[in-house]
Ligand SMILES: Cc1cc2nc3c(=O)[nH]c(=O)nc-3n(C[C@H](O)[C@H](O)[C@H](O)COP(=O)(O)OP(=O)(O)OC[C@H]3O[C@@H](n4cnc5c(N)ncnc54)[C@H](O)[C@@H]3O)c2cc1C
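Below, the structure written as structure tokens:
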């Protein structure tokens, strides 16, 4: 019992504080729940974010605002954000 | 099980030598339930469900400013701007429907209008703006009943709308735009655009004059190009160097006086100079500018420990005073406060801002920015951000108008839904 609790307590902080820099701003436009009607896709559970950001940044993929936002993050910063979203349960 | 865990936790926290107040649940008081404060309250509880979070807000219903320019010209009703705090209550946030009237940073207490005193471990101030009733001669609260500001949404929005509706075709509308910094840098120009659209479609012989205390403004190239294309006969912008700075107003005659002359309006909209909400000043958190200097990592006040300031009231460097920014800052601040209460050090943030404006109902434009702390201030990440392309096709403008509406639904869902 105690052993389990130790793990729980030490592993529990899946706090948003541990989100990589930049990631907490995304939900201003990308809704966390699919309840909000929006043409902007939810990000949680997605595995293609790093690639999309790279394409926005290089101009290969036209964006309305994401081309401008993507330029604020390097490949490694984007990778951290992408990994964080990929590890979250998909929005419902 | 519960008891075991609690006992165990007590032992663990003691062993890790966290600050004393972290052993019992820490108390965080949030003052102001707008975009910044309501976000902060919600995300504090998500960061750490054990925190005692109290949100102090005098109004039972919040009325959102974004999209209130659409309300002015009849494209939307004020009811679509109204949000309540029921969802926050359900999440265990204590909502206290009072105004904060005093803050003592030494004793860490907040006094409310009913004289209740709340104590806090950390305080988050999010009071938004106050209009500076002393900055423009002739313009005080009584004058605003005749010449509305409509810069806090609600009755003022309805008043200005009624005046526009009552105006005869052939009338003159005058808007005075304030010097920097102020709430929503593109806001006066979105308002000018939509009023010009209203005049062009409903009262085509009428005219709008924008008297500006500045030579430059947000998304200027996009607005100017759109005005030339859409409203060449209905909208005139008078810059600072052309004599646009309003030096006084006279509500009895609806007159705006500038350095170069006087303009008599049928409908006069004064967007006056602004400052942080008064409670920030009472807390001693404002500097000479009337706004609150903060640390760009934690949003902690530079003037008082354990007090954080987010939203329009804060001096956020290159970040504009927008609802998007208020929400982004509040999420960062909530995470930082939760970490500080655990005795940890928050990491450097990288907030983003995106603001849409409508130039006409199907014509949206945007500005975006990405920010990081540089020399103690939030600065633009170079090479990022900027405005919509100047030569975009109508289809892009329409898409941005749709994104604008979607943004409002998404953000109000995250903050209040
Ligand atoms: C016409 C217009 C259009 C806009 N359009 C956009 C847009 O398209 N996009 C965008 O991002 N932003 C927009 N904005 C800007 C946006 O409204 C503000 O930046 C945003 O509201 C700031 O959030 P805040 O929480 O700091 O302040 P607010 O949202 O104003 O909230 C402050 C809250 O604090 C409360 N309060 C004040 N004093 C006290 C006290 N003493 N005790 C307790 N509570 C107190 C108030 O009642 C209020 O509820 C627009 C603004 C205007 C005027």
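Protein chains in written order, with our numbering: chain A, 35 to 126; chain B, 204 to 620. All residues carry an ideal CB built from backbone N, CA and C; glycine is no exception.
Could you check whether the stretch 60-67 of chain A touches the stretch 605-619 of chain B, counting it as contact only if at least three pairs of C-beta atoms, one from each stretch, sit closer than 8 Å?
With contact defined as three or more Cβ pairs closer than 8 Å, the stretch 60-67 of chain A and the stretch 605-619 of chain B are in contact.
Residue 107/A, buried or exposed, once every other Cβ within 10 Å from all chains shown has been counted against 16
Result: buried.
Taking 8 Å as the cut-off, does the CB of residue 83/A come closer than this to any heavy atom belonging to ligand 1?
Not so, every heavy atom of ligand 1 lies at least 8 Å from the Cβ.
When you compare the CB of residue 90/A with every CB in chain B, is at least one pair closer than 9 Å?
Chain B contact via Cβ: absent.
Measure how close the beta-carbons of residue 170/B and residue 480/B come, nearest whole angstrom, since I'm counting them as under 8 Å.
As shown, chain B starts at 204 and ends at 620. That puts residue 170/B outside it, with no answer to give.
Check whether the Cβ of residue 354/B lies closer than 8 Å to any heavy atom of ligand 1, and answer yes or no.
Indeed, a heavy atom of ligand 1 lies less than 8 Å from the Cβ.
What's the call for residue 597/B, buried or exposed, on a 16-neighbour Cβ count within 10 Å?
Burial state of residue 597/B is exposed, judged by a 10 Å Cβ sphere holding fewer than 16 other Cβ atoms.
What are the partner residues of residue 576/B, as DSSP defines its beta bridges?
When beta bridges are read from the DSSP output, residue 576/B appears opposite 581/B.
For residue 586/B, does the count of other Cβ atoms within 10 angstroms reach 16, so buried, or fall short, so exposed?
It counts as exposed.
Using the beta-carbon count (16 or more within 10 Å), is residue 355/B buried or exposed?
If you draw a 10 Å sphere on the C-beta of residue 355/B, you find 16 or more other C-beta atoms in it, and that means buried.
So, at 6 Å on beta carbons, what are the nonlocal neighbours of residue 430/B in its own chain, with the 5 sequence-adjacent residues on each side left out?
438.
Exposed or buried, which one is residue 248/B when buried takes at least 16 other CB atoms within 10 Å?
With 16 or more other Cβ atoms inside 10 Å of its own Cβ, residue 248/B counts as buried.
So does residue 297/B have its beta carbon nearer than 8 Å to some heavy atom of ligand 1?
Result no, Cβ not under 8 Å from ligand 1.
Beta-carbon contacts of residue 95/A that lie in its chain and below 6 Å, excluding the five residues immediately before and after:
Listed in chain order, the non-local C-beta contacts of residue 95/A below 6 Å within the same chain comprise 89, local neighbours out to five positions each way being set aside.
Any chance the CB of residue 459/B is under 8 Å from a heavy atom of ligand 1?
Every heavy atom of ligand 1 is 8 Å or more from the Cβ of residue 459/B, so no.
How long is the line joining the alpha carbons of residue 92/A and residue 342/B, rounded to whole angstroms?
Looking at the two C-alpha atoms, the distance is approximately 50 Å.
Which of helix, strand or coil does DSSP assign to residue 467/B?
DSSP places residue 467/B in the strand class (E or B) of the three-state scheme.
Mind checking whether residue 312/B and residue 323/B have CB atoms under 9 Å apart?
Between residue 312/B and residue 323/B, the gap from beta carbon to beta carbon is short of 9 Å.
Within this structure, are the beta carbons of residue 79/A and residue 113/A separated by less than 9 Å?
Result no, Cβ atoms of residue 79/A and residue 113/A do not sit closer than 9 Å.
Extent of the continuous alpha helix (DSSP H) run through residue 610/B:
Boundaries of the alpha helix (DSSP H) harbouring residue 610/B: 597-619, taken from the DSSP string.
Between the stretch 64-83 of chain A and chain B, which residues of the former have a C-beta closer than 8 Å to a C-beta of the latter?
Going along the stretch 64-83 of chain A in chain order, one finds 64, 65, 66, 67, 69, 70, 71, 72, 73 and 74 with a Cβ nearer than 8 Å to chain B.
Please report the straight-line C-alpha distance between residue 382/B and residue 483/B, rounded to a whole angstrom.
Pairing residue 382/B with residue 483/B, the inter-Cα distance amounts to about 21 Å.
Bridge partners - residue 400/B, DSSP secondary structure assignment:
Paired residue(s): none; residue 400/B is not in a bridge.
What do you reckon, is the C-beta of residue 261/B under 8 Å from a heavy atom of ligand 1?
At least one heavy atom of ligand 1 is nearer than 8 Å to the Cβ of residue 261/B, so yes.
So, using beta-carbon positions, are residue 378/B and residue 394/B closer together than 9 Å?
Between residue 378/B and residue 394/B, the C-beta spacing is below 9 Å.
Identify the continuous alpha helix (DSSP H) that holds residue 359/B and give its terminal residues.
358-369 is the span of the alpha helix (DSSP H), which, as asked, contains residue 359/B.
Touching or not, the stretch 260-280 of chain B and the stretch 568-585 of chain B, by the rule of three or more beta carbon pairs under 8 Å?
They do not touch, by the three-pair rule.
Can you list the residues of chain B that residue 55/A reaches, using a CB-CB cut of under 7 Å?
Result: 550, 551, 552 and 553.
So which residues of chain E does residue 126/A contact, with C-beta pairs closer than 8 Å?
Absent here is chain E; the protein component of the structure consists of chains A and B.
Establish whether the CB of residue 105/A and some CB of chain B are separated by less than 9 Å.
Closer than 9 Å to some Cβ of chain B, the Cβ of residue 105/A qualifies, so yes.
3-residue-minimum beta strand (DSSP E) runs that sit fully inside the stretch 501-540 of chain B, ordered along the chain
At a cut-off of 3 residues, the continuous stretches assigned as beta strand (DSSP E) that sit fully inside the stretch 501-540 of chain B are 510-512.
Of the choices 298/B, 262/B, 605/B and 570/B, whose alpha-carbon is the least far from that of residue 102/A?
Ranked by Cα distance from residue 102/A, the first of 298/B, 262/B, 605/B and 570/B is 570/B.
Ligand 1 heavy atoms versus the CB of residue 449/B: any closer than 8 Å?
No, since every heavy atom of ligand 1 falls outside the 8 Å radius drawn around the Cβ of residue 449/B.
Is there at least one Cβ from chain B nearer than 9 Å to residue 102/A's Cβ?
Answer yes: the Cβ-Cβ gap between residue 102/A and chain B drops below 9 Å somewhere.
Beta-carbon separation (whole angstroms), residue 87/A vs residue 104/A, contact threshold 8 Å:
A Cβ-Cβ distance of about 5 Å is found for the pair residue 87/A and residue 104/A, placing them in contact under the 8 Å criterion.
Would the C-beta of residue 528/B count as close to ligand 1, meaning under 8 Å from any of its heavy atoms?
Because some heavy atom of ligand 1 lies under 8 Å away, the Cβ of residue 528/B counts as near it: yes.
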